[in-house]
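Remarks on the structure that follows.
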Amino acid sequence: MTSLSDFVASPRSACARPGSQAALWWPSKTLADVADYDVNWTWRLYSAEELAKAYAQQRAGRPVDIVPSDKIVSSAFLLPVGALEGPDGKPSTFIDVMTKVWLGGGDAGEIYAVVNRITTAGGRAMDQSVQIRVKTA
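The opening residue of the sequence shown carries number 242 in my numbering; numbering runs sequentially from there.
Rendered as structure tokens:
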């Protein structure tokens, strides 16, 4: 069973925001890197009322402590065709508001788009694309 401790604060985490047109990026990796990368879905899981409360807390300079009532019930990562891969024995996982994928390999200098597709307890289906660059050196 996956728990919150499996999703420690990581520089390899991207936060999905509602209505954002900005591309999400994970930090670049080397060819040899095999590491876990997270997507935090909290802000996209909020109901309209929860979102208004969360933004109000943020504008007031307070930590956002609103927990979404909707939860992730399934998650799949769609990896691009090519050398970027999910290593054997390292399956993708999820908890209520976060998902994780393990990535290795890739072609030096390439930028890959990884899509995370989730379904929620409330019946929503959402995709989030996150880009990652493989360093040349």
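We put the CB at the ideal spot given by N, CA and C, even for glycine. Computed from a prediction, not measured in an experiment: that's the story for all the values here.
Which residue comes first and which comes last in the alpha helix (DSSP H) that contains residue i?
i, result
"residue 270", "No alpha helix (DSSP H) holds residue 270; DSSP gives it neither H nor E."
"residue 301", "Looking at the DSSP string, residue 301 is not in any alpha helix (DSSP H), and its letter there is neither H nor E."
"residue 284", "283-286"
Compare the Cα-Cα distances from residue i to each of the options and report the closest residue.
i, options, result
"residue 284", "276, 273, 305", "305"
"residue 275", "299, 331, 303, 263", "331"
"residue 346", "312, 327, 367", "327"
"residue 279", "301, 302, 339", "339"
"residue 381", "363, 349, 341, 364", "Only positions 242 to 378 of the chain appear in the structure, and residue 381 is not among them; the question remains open."
"residue 321", "303, 348, 334, 300", "348"
"residue 364", "355, 315, 350, 319", "315"
Please report the distance separating the alpha-carbon of residue i from that of residue j.
i, j, result
"residue 288", "residue 372", "27 Å"
"residue 309", "residue 343", "25 Å"
"residue 360", "residue 370", "15 Å"
"residue 282", "residue 377", "30 Å"
"residue 277", "residue 324", "17 Å"
"residue 286", "residue 311", "6 Å"
"residue 298", "residue 375", "37 Å"
From which residue to which residue does the beta strand (DSSP E) around residue i run?
i, result
"residue 352", "352-361"
"residue 342", "339-346"
"residue 319", "313-319"
"residue 324", "That residue, residue 324, is in no beta strand (DSSP E); it is neither H nor E in DSSP."
Per DSSP, residue i forms a beta bridge with which residues?
i, result
"residue 374", "352"
"residue 280", "255, 340"
Validate contact between the stretch 261-271 and the stretch 292-305 using beta carbons, cut 8 Å, 3 pairs: Judged by Cβ distances under 8 Å, the stretch 261-271 makes no contact with the stretch 292-305, as fewer than three pairs qualify.
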